[in-house]
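Here the sequence shown stands for residues 18 to 222, where the numbers follow our numbering.
Just so it is clear, CB atoms sit at the ideal spot from N, CA and C, and this is done for glycine as well.
Below is one structure; the comments refer to it alone.
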Amino acid sequence: MNCLTALIVSVMSDFMPTLPYDADALEPVISKETIEYHYGKHLKTYADNLSKLTRGTALEGKSIEEIVVDAPEGAIYNNAGQVMNHQLYFLQFTPAPRISRPEGKLATLIVRDFGSFEELQKKMNEASTKLFGSGWVWLCLNDSARLEVDSYSNGDTPLRYGKLPVLGFDVWEHAYYLDYQNRRADHIGRLWEIIDWDEVTRRIE
Ligand code: MN
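Next comes the structure, spelled out in structure tokens:
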């Protein structure tokens, strides 16, 4: 663990996930500088805001999943959605993937619902390019237990609509601008190299 990560963990709020890798470990796909800003500043701000906004309310002490479902529209839901989206986002990467594509149950569902893994990649890449402004593209499991790719604006999140988030791409400029400037498609295209498919598959089990 490097110094910055150690410092953040030591002062982190209830909602900060511990990164399972060092800040520079995902280079060159995601730079150390981007992790330091994205995890250390952007997510930290959402997490701190959520702690402050829920303190002394009926949501205090609830899990992030419960807060996302129950939060009133506005500042609490905006911050809660971003906390949940980013927790899942940062934990879905690894510097050394064991496998380069899904296996087992997730692979079976992808073939059933998209035809092939390549078709899923195409769908997520296209949705990420088309999303106007800031937001998220999620592979999620809907209430009929089928996989789908959905786009969400700003901090909106699948769980709010009864869908289980499985794999998410953050298309806010803060996720890629330091490394890729305006080339969002290049950034998204490279994320496939660092996905931890074991972690992603656990989300549907
Ligand atoms: Mn972000």
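Relative to the non-hydrogen atoms of ligand 1, the Cβ of residue 155 never comes closer than 7 Å to any of them. Bounds of any alpha helix (DSSP H) do not take in residue 165; it lies within the beta strand (DSSP E) bounded by 164-170. Distances between the C-beta of residue 160 and the heavy atoms of ligand 1 are all 7 Å or more. In terms of Cβ geometry, residue 183 and residue 153 do not form a close pair [threshold 8 Å]. Distances from the CA of residue 195 to each of 47, 42, 41 were compared; the closest alpha carbon is that of 47. Distance from the CA atom of residue 119 to the CA atom of residue 220, rounded to whole angstroms, is 12 Å.
With the rule of 3 Cβ pairs closer than 8 Å, the region 61-69 does not count as touching the region 201-214. A straight line joining the alpha-carbon of residue 56 with that of residue 168 spans about 22 Å. The beta carbon of residue 172 is closer than 6 Å to those of 95, 98, 99 in its chain, skipping five residues each way along the sequence. At the C-beta level, residue 81 and residue 71 stay beyond 8 Å of one another. Distances between the C-beta of residue 187 and the heavy atoms of ligand 1 include at least one below 7 Å. The beta carbon of residue 204 sits no closer than 7 Å to any heavy atom of ligand 1. Between the region 100-114 and the region 35-43 there are three or more C-beta pairs closer than 8 Å, enough to call the two in contact. Put simply, the backbone Cα of residue 158 is about 25 Å away from that of residue 33. Counting along the chain, no alpha helix (DSSP H) covers residue 155; the unbroken beta strand (DSSP E) around it starts and ends at 152-158. Taking non-hydrogen atoms of ligand 1 into account, the C-beta of residue 97 is found less than 7 Å away from none of them.
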